[in-house]
Every structure is written in C-alpha cells, then in structure tokens.
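Here our numbering is used: the first residue of the sequence shown is 17, the next is one more, and so on.
Heads up, the beta-carbon is just placed ideally off N, CA and C, and yes, glycines get one too.
Below you'll find the structure, written out as structure tokens, and then a few comments.
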Amino acid sequence: MTRQLNQPEECSPMVDVVAAVRRLSEALITRQLDGDTASATAAELVTIAKRVEQEPARSKAENFGLRNRITSFMETGVWPDPPPDGSKLEFDVASVIGGNLNPASVGAEYFRDGNEVIGRVNVGRCFEGPPERVHGGIICALFDEVMGAVFRANGTASAFTGELAVRFEAPCPVGVDLEFRARQVGESGRKRFLEGEAKSADGRFASATATFIEMRIDHFVDTAE
Numbered sequence: 017m018t019r020q021l022n023q024p025e026e027c028s029p030m031v032d033v034v035a036a037v038r039r040l041s042e043a044l045i046t047r048q049l050d051g052d053t054a055s056a057t058a059a060e061l062v063t064i065a066k067r068v069e070q071e072p073a074r075s076k077a078e079n080f081g082l083r084n085r086i087t088s089f090m091e092t093g094v095w096p097d098p099p100p101d102g103s104k105l106e107f108d109v110a111s112v113i114g115g116n117l118n119p120a121s122v123g124a125e126y127f128r129d130g131n132e133v134i135g136r137v138n139v140g141r142c143f144e145g146p147p148e149r150v151h152g153g154i155i156c157a158l159f160d161e162v163m164g165a166v167f168r169a170n171g172t173a174s175a176f177t178g179e180l181a182v183r184f185e186a187p188c189p190v191g192v193d194l195e196f197r198a199r200q201v202g203e204s205g206r207k208r209f210l211e212g213e214a215k216s217a218d219g220r221f222a223s224a225t226a227t228f229i230e231m232r233i234d235h236f237v238d239t240a241e
C-alpha cells in the first residue's frame, strides 16, 4: 500500500524526523562509543526502524510528485514559469544532495539569482574525505544538482546529466558555509551546456562544465506508467 504526503503540512513533521536522523549520523561518525552504549543504541534504533517500516510505502515517483513542477508538466504538457527571482527552488525531496525528506542528504538548498542558480550548503562530517575536507565525490554531486536546478529557475524543460567535468582547484573545507553557482551558457538540439563554480570564505575551490540532455516527453509518460 502506498500513500502520498500532502503539501506542505504533512511534510513538516517528516522534516523534523530527517533532521534528527542527520544529527544522529553526525554524532555516530564523530564519537567513540563503548560496547555497551553501542549495543543499547543499536537495539533502540532497530525498534524505531521496525515501527517506521509498518507505515505505508512511498515510491520515488511519488516523491517526485511532491514537487509540483513535474506534476504540472505531466498534467498540462507545459513547463511552469520561472519562480520569482531570489526565491528558493523546491527540488527533489528524496535527493541525496538537496532532499529535505532524505535523512542521508547533504542538505543543500537552491535559490534563483537571475539566470543563475545558487546552491548553499554546510557539508557535515558524514561526507568528509581527507581530514577536514569534503569528499570530492560530494563536490561533483553538488555541481550536478545545482546545474540541474538551472532549468527549473529558467522555466525550461528539465534535462538529465550527459557529461560532467569538475576541476578541483583547492581543498574544500568541511563544516563551513559553501556556495555553488551555475548557469546555462549554450545549447544545440537537445543538448544544454552549463558551467559553474564553488567557493567558501577562503575563495574558490572548484569549477565545472557539463552537458545536459533535455528529457523527452515520452520519458515522463513511461515513468508515470
């Protein structure tokens, strides 16, 4: 049995649950538990997991439906207009990067800035690579998602990543505010060309270029079915 969440009221308690799980994950990766504490914690978590598993299932397709842009397109065949400049962009709630209902998410947020998208995030210790540095794979994923949000900001058709190239220019610190910025710089047929850069208070630490491929209408029909 499946049940789709209502918007936005029913999502709010779920956001609180997700925040609590993220807090726990951060604590587990940064604390040294003794055997008794670890065993007791595991037992409590298993009990909680069993209780949650009794609730109705929800698929990724239903998670997509919690963001009305996709739903609107499937109902009307027209992509919604761009949101107001400066507004927060609602993305995939289940995304591993910016999903506010995904407890494993990095916790990124996206905002429209003219024809660009700004991604803001403070990456925690669960995504640490070398000591005090964000894992390079997370940086790549952040670029991928902030670029994917550009189409939403511009009110154009969504697109899948075809190719992504990231240049690491300096270490990226963990636990500090980061800013990712992306924009479309060209197109050819269904191909969309994007570029972006990322910085912390210490300056720029990475840049990226990408080719995205505009989604076909029949892809959405297949997904819905």
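Proximity of R136 and L49 at Cβ, strictly below 9 angstroms
9 angstroms or more divides the Cβ of R136 from the Cβ of L49.
Report the rounded CA-to-CA distance for E213 versus E161, giving the unit in angstroms.
As the crow flies, the alpha-carbon of E213 is around 13 angstroms from that of E161.
What residues in its chain sit with their C-beta under 8 angstroms from that of G102, if we drop five residues either side in the sequence?
Excluding positions up to five away in sequence, the list reads F127, R128, D129.
Go through its chain and collect everything with a Cβ distance to R85's Cβ below 7 angstroms, but skip five positions before and after it.
Excluding positions up to five away in sequence, the list reads P96, R168.
Taking 8 angstroms as the cut-off, is the beta-carbon of V62 closer than that to any non-hydrogen atom of the ligand SAH?
Inclusion of the ligand SAH in the displayed structure is not the case, the ligand content being empty and no account of it being possible.
Does the stretch 176-194 come within contact of the stretch 220-235, defined as at least 3 CB pairs closer than 8 angstroms?
The stretch 176-194, when compared against the stretch 220-235, does touch it at the 8 angstroms Cβ threshold.
With contact counted as at least three CB pairs below 8 angstroms, one residue from each stretch, are the stretch 34-44 and the stretch 110-122 in contact?
Verdict: yes, contact present.
Nearest-angstrom Cα distance between N138 and P189?
Each residue's CA atom was taken as its position, placing N138 and P189 some 9 angstroms apart.
At which residues does the alpha helix (DSSP H) containing A58 begin and terminate?
From DSSP, the alpha helix (DSSP H) with A58 extends over 51-69.
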